[in-house]
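Protein chains in written order, with the numbering used here: chain U, 1 to 347; chain S, 1001 to 1293. Structure, as structure tokens:
And the structure:
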């Protein structure tokens, strides 16, 4: 039985439809990430699951029960907010215990759980501090502790790491994932950061314009993007989407109407060569340390190439690009959908 | 080195001088002069003013009118302060919620504050007038006999209290509204998810976070409760039989109607002392309980 199931859920505000007929289900113990650019409806979907936002259409099932119109408290969910939502006048201990006190949990249970949770998130020394006396990472831990102390099976997280610096974000990513696996929680995690999605998720639900674009494991999204949007959203730098007509590579495509397709190749799947392959001109380079992202140009089409080591380009250089046929993805130009029937030869 | 520092100090003092002069001339000198005057008798053409020690103070303790107005002032403060603050908070929470005609509601609550005191007093004079007044006209429908609201010693102070609450609640509402808008809606959402009722959220989260505003509003309300003069001018002149007179109005009467400046100074010293004690109490006891962000 899935822990959470959304059946055709929509959110409509007057004329605008923020979330449009979204359906997915998440199994018990899964770390699911709702991924998408801002305004794609991922946060609204999460808020509808939490009950903070009403569901305009569709059905929400939590642990087999219809919770479409249930109050937030009846859904037995925990939530970590983007700005932590810590109560500034209460100290760490009171913040963590807030929910237990509301529900009048017996005092001994409260202190047992507090001790356990504080140790799990590393806050034992800070229990009497006020939120203002904590660093961003520590506040984040308090918010996490408050979410897990309720021992709810499902935890929702709304961009919880977006206020932290890059290094701390990485540490917290690892910690949240470890905590989720240790406690066997079902987590629905909203983010616009694909690196978070790729590194933490068991399942990624990629959204765009209020609809689900693709749903699957991180590997599936990376290796088999279902649409051009998914292809361009996942991966840094994103996948190159090349119009075959612009680069004179139409002859390599097996289809008859060659101008109806886009071919996608990830920058890391392209290699630079001196003698074989497609003629191109290198125009600029973006050095990242371990590798360099080079911008190549064929006529007016820009193609990014990831190449190891440092490459310096002061003036345009001619080169040739090579790729393997297995690395090529084909999409329909008009619909943006993946098309696996067309074959493209390698360069 | 030393030379430079004295020069700097002089420079600093010169910058402070204009403000300090005004403060001295209009705050400290009058306060001290009042205190001094309260130990002297009122001078007349025949008998010049002379030092009388605490005579003015003993006269005050035997003055029935003083006790009457002091008691009036206590009642006035005890009713206007808590009720206007509570109303202000309720109105602020109400107009801060998702309301259809939010700005209209906000404006109508704030309107009494924007009106000049004299206009307010005239409006209420019309409400309270016997027989032709709004209140009497409405009660007449239910067969209630006409009542001279402002002419009856039993009801006149209540009438003044109602006007003050009506006028002050809207003013204090603005401060609460501003404070409420700085509270993150996420806090309420977090509390709702945990199953906290609205009352629990108000008691444990919202009200404590509004404490700085409450303290500020409280101090203002207390000062205002000792400051009322203008309504009394228009509505009652302190009567009937001093039933609606308050401390400051009595001081005004003593000083400018009875022309007894010595006794007025004595009363002023008492008023200042009371206000000072209240202010110190607030800062010493309440400040510790207030959470500042």
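All C-beta atoms in this analysis are idealised placements derived from N, C-alpha and C, irrespective of residue type, glycine included.
Are the C-beta of residue i and some C-beta of chain U separated by less than 7 Å?
i	result
residue 1291/S	yes
residue 1190/S	yes
residue 1196/S	yes
residue 1212/S	no
residue 1193/S	yes
Between residue i and chain S, is there a C-beta pair that is closer than 7 Å?
i	result
residue 170/U	no
residue 36/U	no
residue 136/U	no
residue 52/U	yes
residue 99/U	yes
residue 18/U	no
residue 73/U	yes
When DSSP builds the beta bridges, which residues end up paired with residue i?
i	result
residue 302/U	297/U
residue 216/U	204/U
residue 32/U	188/U, 203/U
residue 1073/S	Bridge partners of residue 1073/S: none, in fact.
residue 322/U	271/U
residue 2/U	27/U
residue 12/U	17/U
residue 263/U	242/U, 330/U
residue 154/U	77/U, 186/U
residue 196/U	BP columns for residue 196/U are empty, so no partner.
residue 1109/S	Answer is none; residue 1109/S lacks a bridge partner.
residue 287/U	292/U
residue 1019/S	Residue 1019/S is not bridged to any residue.
residue 66/U	61/U
residue 280/U	319/U
residue 1040/S	1051/S
residue 227/U	337/U
Quick one: list the residues of chain U neighbouring residue i, beta-carbon separation under 8 Å, in chain order.
i	result
residue 1132/S	By Cβ distance, chain U contributes nothing, its closest Cβ being about 50 Å from residue 1132/S, past 8 Å.
Please list, in chain order, the chain U residues whose beta carbon lies closer than 7 Å to that of residue i.
i	result
residue 1205/S	87
residue 1208/S	89
Rounded to the nearest angstrom, how far is the Cβ of residue i from that of residue j, given a contact under 8 Å?
i	j	result
residue 46/U	residue 158/U	6 Å
residue 264/U	residue 241/U	5 Å
residue 1069/S	residue 1220/S	Actually they are not in contact, since the Cβ atoms of residue 1069/S and residue 1220/S sit about 22 Å apart, beyond 8 Å.
residue 313/U	residue 284/U	6 Å
residue 1267/S	residue 1254/S	6 Å
residue 1056/S	residue 1262/S	6 Å
residue 305/U	residue 321/U	7 Å
residue 174/U	residue 92/U	About 22 Å; that fails the 8 Å criterion.
residue 1278/S	residue 1231/S	Not quite, the Cβ-Cβ distance comes to about 22 Å (not below 8 Å), so this is no contact.
residue 1297/S	residue 1150/S	For residue 1297/S there is no data in the structure shown, the boundaries of chain S being 1001 and 1293.
How would you list, in chain order, the residues of chain S whose beta-carbon sits under 7 Å from the beta-carbon of residue i?
i	result
residue 83/U	1184, 1186
residue 102/U	1194, 1195, 1196, 1200
Suppose you measure from the CA of residue i to the CA of residue j; what does that come to, to the nearest Å?
i	j	result
residue 308/U	residue 268/U	9 Å
residue 1087/S	residue 1072/S	22 Å
residue 1025/S	residue 1139/S	53 Å
residue 1239/S	residue 1019/S	41 Å
residue 1036/S	residue 1049/S	12 Å
residue 208/U	residue 40/U	5 Å
residue 1084/S	residue 196/U	52 Å
residue 1102/S	residue 244/U	58 Å
residue 1180/S	residue 1126/S	36 Å
residue 178/U	residue 120/U	10 Å
residue 185/U	residue 1225/S	58 Å
residue 325/U	residue 1183/S	57 Å
residue 1258/S	residue 1038/S	16 Å
residue 1247/S	residue 1062/S	16 Å
residue 169/U	residue 216/U	24 Å
residue 99/U	residue 1141/S	54 Å
residue 293/U	residue 302/U	12 Å
residue 1269/S	residue 1078/S	22 Å
residue 1195/S	residue 101/U	10 Å
residue 90/U	residue 1282/S	22 Å
residue 310/U	residue 289/U	7 Å
residue 1169/S	residue 1110/S	8 Å
Can you list the residues of chain S that residue i reaches, using a CB-CB cut of under 8 Å?
i	result
residue 77/U	1193
Does the ligand FAD have even one heavy atom less than 6 Å from the beta-carbon of residue i?
i	result
residue 322/U	For the structure depicted, the ligand FAD is absent and the ligand set is empty, with no information on it obtainable.
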